[in-house]
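Going by our numbering, the first residue of the sequence shown is number 26, and it counts up by one from there.
Glycine is no exception: its CB is placed at the ideal position from the N, C-alpha and C atoms.
The structure appears right after this line, and notes come after that.
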Amino acid sequence: MPSTHDWINNPLGVVEGMFASSQNNPESGWEAKAVLFFKEQLKDKEAHTSVPSLNDVPLHYLKPNSLVRFRCLIQDMFDPEFYMGAYETVDPSTKARVLRCGKYKDVTECGVDLNSRNTVTAERQTFYCVPIPGENPWVKESLAGSSQARVVPSTSYVPSRQKRSYEEDDDMDTQPQKQREPHTGPQSHTEPHGNGDCKRQETEAPSSQTTSASHLDLNFPLPGEKGPSCLVKVYEDWDSFKLNDTLEVYGILSVSPALSALAEEKDASSSLLDPAECMETAEEQRVHSPPASLVPRLHMIYAKPLPHCNPLLPSAALEDNSAFLSSTLSEMASVRTELLAYLTHVLLGDALAAEYLILHLISSVYARRDVLPLGKFTLNVSGCPTVASYTERLYQIIQQLVPCSYRLSMSLQNMNQLRLVPKKDYVANRLVSGALQLARNTSLFLDETQLEQGQLDTTGVRNITALGNLISWQKVDYDFNYHQMEFPCNINVLIASEGRSLLPSDCQVHLQPQVAPPQMEEYLSAIHMHPQASSQLNKFRLYLSLARTLDYSISDEVTKAVEDDFVDMRKDDPQSISAEDFHRLLVVARLLSLSLGQTSLSRDSWMRAKHIETLRRSRTEQQQQCVNGNEP
């Protein structure tokens, strides 16, 4: 049985050993056994954290052909490609033949017999994966701190100082050099090489190419993101993956220098061909075969879907009868009280707005009925102060509480220039990302206080429409030039505005500061500079993620009581509550129950929901009257 050192540092040795053993028994199912072996090894938490992560470790520190993991979002899916699943090599001196495995590799061994009857051509899929967009610093720090992986810089070559990896130059002072030599991507199958150049191609980095990250569009959905992109090669069950899925991929790292030589040969040969015979354009080759030093290849052994992105909430905790789950549920009401007090302070003493902010932060689409997403709770906090960068500081507080978030300043320039909706580029045959290509349960903070007077152009109108569709239907219509394709999503949208938002929302609460500090800047700085202790913040983070994942139900008895209550409310004044109001009330009651750690609706929670909704509606009506009274 391979040791931990062996299967992490030399996973191909494990795979090739199982392949060799299967030659005497073709029906052994060695491929499934190989995947099962790694899954069994990774069940142990210590073994799991011993696998280096591409998210945390500079590429220069990772050993080629070792086992690594990568937390990512599937940003694009390329066309399937063919490779040599098995092939035969011939020793030129002894003429001895050896059958070799080509799985989980980009490059074959030397001396391939292309005419061998034992050659097996197989198919694999390629996903273009990026780090999870908007993942907040506390998540990255927590994950990096839990890693037990021990890595040392590769010494097989010295990287050139003129080349740069996926990090900017200003990071070089605090982090080791992350650049490996640039390579060009794989062919449509695993390429053989002549025996004479084999050693050189495996050890030397070509010096002619100086591609840097700044010249390569890594296609991150959000501007300013850093980290590695990756071409993930998938060998089994690729139909089970969807665009925008979040995964933790375990696979074999490939940054072979030979890929650069292959790409150069391909470019040279394709220039001699009739353009009609060339399957890929130059632009498509550049996008699909980027330098492996900037976009490494990862041959997936298996991938674990990520139901959430909070490292404080282990997946096992969500299992029924979990001791962790039961103990945490019992504390949820007290943690909620503490969080409510904290957010009340953040919202300038407005406890009602803090109540609704908690409900918003734990909301999630749990089902879809026809086109209607159930469970969404887009909140518009109006009346936000425009002084002292209040909305920016409010976002920074939310950023400390949720795993993934993004603040979109709705300035006229941003609305007219930003690309929010992903678009298909048919020339490069790729999906060009947009800011709304986000992981599920990402918190999207729309800062409408930044919107000034001016004219929205065609792009601006399209962006506002996209935001409206996202809020109303929890979907984004990707632009495929000649048609649009709907992609459902699950994104928490919070709109901060001065007056009522121009965008739709499920609920509006007008901020009423209960304190009026003479020095607003000083008051807000104190909140930002002196947050709760780290352990307290972790309690809040765990609470919000757990409340979002709980199941919920309403008993027949409570359902009947709620229906009777609705009839009674409309009996005296049919205009007092509409069907839309009643639906919102049910959503508020559901979220209120979950916020208390209750998985079913009680009479007390229903009455509490009615009470806070009455207060909110009364406040909204008063504000509207004030606005109308000021109108000429």
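Item, Value
"The segment 409-421 contacting the segment 514-526, beta-carbon criterion three pairs below 8 Å", "yes"
"Extent of the continuous alpha helix (DSSP H) to which R418 belongs", "Y415 to Q424"
"Contact the segment 570-585 vs the segment 613-631: 3+ CB pairs below 8 Å", "yes"
"Local conformation of D590 per DSSP, three classes", "helix"
"Straight-line gap, S414 to L437 (C-alpha atoms, nearest Å)", "18 Å"
"Backbone secondary structure at E193 - three-state DSSP", "Confidence at E193 is low in this model, with a pLDDT of 42, below 50, so its placement is unreliable and the value that follows should be read with caution. Of the three classes helix, strand and coil, the one that applies to E193 here is coil, per DSSP."
"Of the listed residues P248, A147 and P117, nearest to C135 (C-alpha basis)", "P117"
"D264 versus Q544 - alpha carbon distance", "57 Å"
"Whole-angstrom C-beta distance between L372 and A379, which should lie under 8 Å", "5 Å"
"Cβ neighbour criterion (16 or more within 10 Å) applied to D194", "Caution applies to D194, whose pLDDT of 40 falls short of 50 and renders its modelled position unreliable; the model cannot decide the point."
"At least three beta-carbon pairs within less than 8 Å, the segment 60-80 to the segment 105-113", "no"
"DSSP beta-bridge partners of E113", "L124"
"Option nearest G252 by Cα separation, candidates L98, Q425, A57 and E363", "L98"
"For R142, three-class secondary structure by DSSP", "coil"
"Supposed contact pair M102 and L331 - C-beta distance, whole angstroms, cut 8 Å", "Not a contact, Cβ separation roughly 18 Å."
"Pair within 9 Å by beta-carbon distance, L461 and V501", "yes"
"Residue nearest to R633 in terms of C-alpha spacing, selected from Q173, V40, A614 and V76", "A614"
"Opposing strand residues paired with A328 [DSSP bridges]", "V274"
"Closest Cα partner of K448 within the set V396, Y548 and Q509", "Q509"
"Residue closest to E477, alpha-carbon to alpha-carbon, out of M440, R96 and E511", "M440"
"Span of the alpha helix (DSSP H), counted from its first residue to its last, around A366", "A348 to V371"
"heavy atom of the ligand ADP below 8 Å from E523 C-beta", "Looking at this structure, you won't find the ligand ADP or any other ligand, since it has none at all."
"Stretch-stretch touch, CB-based, cutoff 8 Å, three pairs: the segment 635-643 with the segment 356-371", "no"
"Helix, strand or coil at S603 according to DSSP, with G and I counted as helix", "coil"
"Nearest-angstrom Cα separation, counted from P246 out to C429", "13 Å"
"Host beta strand (DSSP E) of H535 (start-end)", "C532 to H535"
"Simplified DSSP assignment, three categories, for C135", "strand"
"At least 3 beta-carbon pairs within less than 8 Å: the segment 253-263 vs the segment 451-470", "no"
"Check whether S279 and R311 have beta carbons under 9 Å apart", "no"
"For N517: DSSP bridge partner residues", "S468"
"Alpha-carbon to alpha-carbon, V137 and L492", "54 Å"
"Cβ-based burial, A59 [other Cβ within 10 Å; buried from 16]", "buried"
"Length of the line joining the Cα atoms of P105 and Q150", "4 Å"
"Nearest-angstrom Cα separation, counted from F505 out to Y327", "31 Å"
"Extent of the continuous beta strand (DSSP E) run through S430", "S430 to S434"
"CB contact flag (I157, R96, <9 Å)", "yes"
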